[in-house]
Amino acid sequence: MRATFDATGDVVVVTGGGAGIGAALASAVAQAGGTAVVLDVAPGPARDGVDAVEVDVADRDAVLAAVGDVVERHGAVTGLVAGAAVQPRTAVADMDPEEWHRVRAVNLDGVVWACQAVLPSMIARRDGSIVLFSSGLAHMGRAEASAYAATKGAMVPFAKSLAAEVLDHRVRVNVLFPGVVDTDQFRRANPGSEREHWLRSTGIGTPDDVVGPLLYLLSGAATMTGSTLSRDRAFPKE
Ligand SMILES: NC(=O)c1ccc[n+]([C@@H]2O[C@H](COP(=O)([O-])OP(=O)(O)OC[C@H]3O[C@@H](n4cnc5c(N)ncnc54)[C@H](O)[C@@H]3O)[C@@H](O)[C@H]2O)c1
Numbered sequence: 122m123r124a125t126f127d128a129t130g131d132v133v134v135v136t137g138g139g140a141g142i143g144a145a146l147a148s149a150v151a152q153a154g155g156t157a158v159v160l161d162v163a164p165g166p167a168r169d170g171v172d173a174v175e176v177d178v179a180d181r182d183a184v185l186a187a188v189g190d191v192v193e194r195h196g197a198v199t200g201l202v203a204g205a206a207v208q209p210r211t212a213v214a215d216m217d218p219e220e221w222h223r224v225r226a227v228n229l230d231g232v233v234w235a236c237q238a239v240l241p242s243m244i245a246r247r248d249g250s251i252v253l254f255s256s257g258l259a260h261m262g263r264a265e266a267s268a269y270a271a272t273k274g275a276m277v278p279f280a281k282s283l284a285a286e287v288l289d290h291r292v293r294v295n296v297l298f299p300g301v302v303d304t305d306q307f308r309r310a311n312p313g314s315e316r317e318h319w320l321r322s323t324g325i326g327t328p329d330d331v332v333g334p335l336l337y338l339l340s341g342a343a344t345m346t347g348s349t350l351s352r353d354r355a356f357p358k359e
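Position one of the sequence shown corresponds to residue 122 (the working numbering), numbered consecutively onward.
Okay, structure coming up:
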């Protein structure tokens, strides 16, 4: 069976699509014939078929305005992949309130504002797919990753609650655990021998490895909502 998706007519907002997994997804949506719109503090280089807007997802007014512009330029939003996140490594004992609030503002509040921004389009269409990212660290925890792990632990209950709210509008809300993926965020959070640890325990995937699960969750083939999909282990690189 061929692993191909047709995104013709789709308008997919990708927060954090300037790099890593979101960037790979945005390019894949464009290649599948859809329109990808990246909302990112660092939108990255221009790519064919990808519209990019500089936005801080923690800024609710800016997110609502940016998505309003997207609808004017491209029409109703059909999909949201909310990937923008930060992962500083700080011990709880050393955490200052600004850092704690910033991680929450980006990783949790930013997801809420992005969902608020796209829901009117999806509810009006009676169709739409929202995909959030959790992390294995939500289950395992990790030294010096408490803020990140706590925000990622919030994704499943948030998604399940929102899924119940918008069920009658036929909007789907699901969570992907993408596995360990070689991105800027992963490299910053896992210097030196920590990379070896992940290579041995789960393997390390590439951003492109996560595109299939994301396109699937965005597509009408994924008839579930309030659900999780977990990519637990990567193939070793050949
Ligand atoms: N890489 C992994 O191993 C891994 C594992 C589990 C979960 N995840 C999750 O997958 C998602 C994508 O992660 P990634 O590894 O591709 O990260 P990445 O760091 O490569 O990309 C994240 C993007 O988010 C953007 N961003 C950061 N703060 C922002 C803000 N305030 N507003 C808008 N954009 C902002 C960055 O500029 C960057 O382009 C994240 O939600 C992450 O938590 C990743």
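Beta carbons are placed, not taken as given, at the ideal position from N, Cα and C, and that holds for glycine.
At the level of alpha carbons, what is the spacing between residue i and residue j?
i	j	result
Pro357	Met243	39 angstroms
Asp353	Val332	15 angstroms
Leu258	Val178	22 angstroms
Pro265	Ala212	Note on residue identity: the sequence assigns Glu, not Pro, to residue 265. Cα to Cα, the separation comes out at about 4 angstroms.
Pro328	Val302	6 angstroms
Pro334	Val159	19 angstroms
Val192	Val287	20 angstroms
Gly341	Ala214	46 angstroms
Ala167	Arg123	29 angstroms
Val174	Arg181	15 angstroms
Asp127	Thr199	13 angstroms
Gly313	Trp221	25 angstroms
Val232	Gly204	8 angstroms
His290	Pro241	10 angstroms
Trp234	Ala226	10 angstroms
Asp305	Gln208	11 angstroms
Ala163	Ala140	8 angstroms
Ser378	Ala147	Beyond the ends of the chain as shown, which are 122 and 359, falls residue 378; an answer cannot be given.
Val176	Tyr269	20 angstroms
Phe216	Ser282	Correcting the residue type first, residue 216 is Met in the shown sequence and not Phe. C-alpha separation (whole angstroms): 30 angstroms.
Cys236	Val135	11 angstroms
Gly170	Ala151	5 angstroms
Counting only the same chain and skipping the five closest in sequence on each side, list residues whose C-beta sits under 7 angstroms from that of residue i.
i	result
Ala149	Val332, Leu336
Arg210	Glu265, Ala266, Ala310
Gly137	Gly143, Asp161, Gly204, Ala205, Ala206
Arg263	Ala270
Asp230	Ala179
Ala355	Gly300, Val301, Thr323, Gly324, Ile325, Gly326, Asp330
Closer than 6 angstroms by C-beta to residue i: which residues in its own chain qualify, once you throw out the five before and the five after it? Chain order, please.
i	result
Ala206	Asn228
Ala238	Val184, Leu185, Val188
Thr129	Gly154
Val292	Met243, Gly249
Ala145	Pro328, Asp329, Val332
Thr156	Val132, His195
Trp319	Val301, Ile325
Less than 7 angstroms separating the Cβ of residue i from some heavy atom of ligand 1?
i	result
Ile142	yes
Lys273	yes
Ala206	yes
Thr327	no
Leu338	no
Gln152	no
Ala266	no
Val277	no
Gly130	no
Ser242	no
Asp215	no
Pro299	yes
Thr136	yes
Ser351	no
Thr346	no
Phe307	yes
Leu288	no
Gly200	no
Ala270	no
Give every residue of the same chain whose Cβ lies closer than 8 angstroms to the Cβ of residue i, excluding the five residues on either side of it in the sequence, and list them in chain order.
i	result
Asn295	Ser250, Ile251, Val252, Leu253, Ala280, Ala284, Leu338, Ala343, Met345, Thr346, Gly347, Ser348, Thr349, Leu350
Ser255	Lys273, Gly274, Met276, Val277, Val296, Leu297, Phe298, Thr349
Thr387	Look at the range of the chain in this structure, 122 to 359, and you will see that residue 387 is not part of it.
Ala114	Residue numbering for the chain in the displayed model covers 122 to 359; residue 114 lies beyond these limits and cannot be assessed.
Arg308	Arg316
Arg223	Ala179, Val207
Asp172	Thr156, Ala157, Val158, Val159, Val191, Arg194, His195
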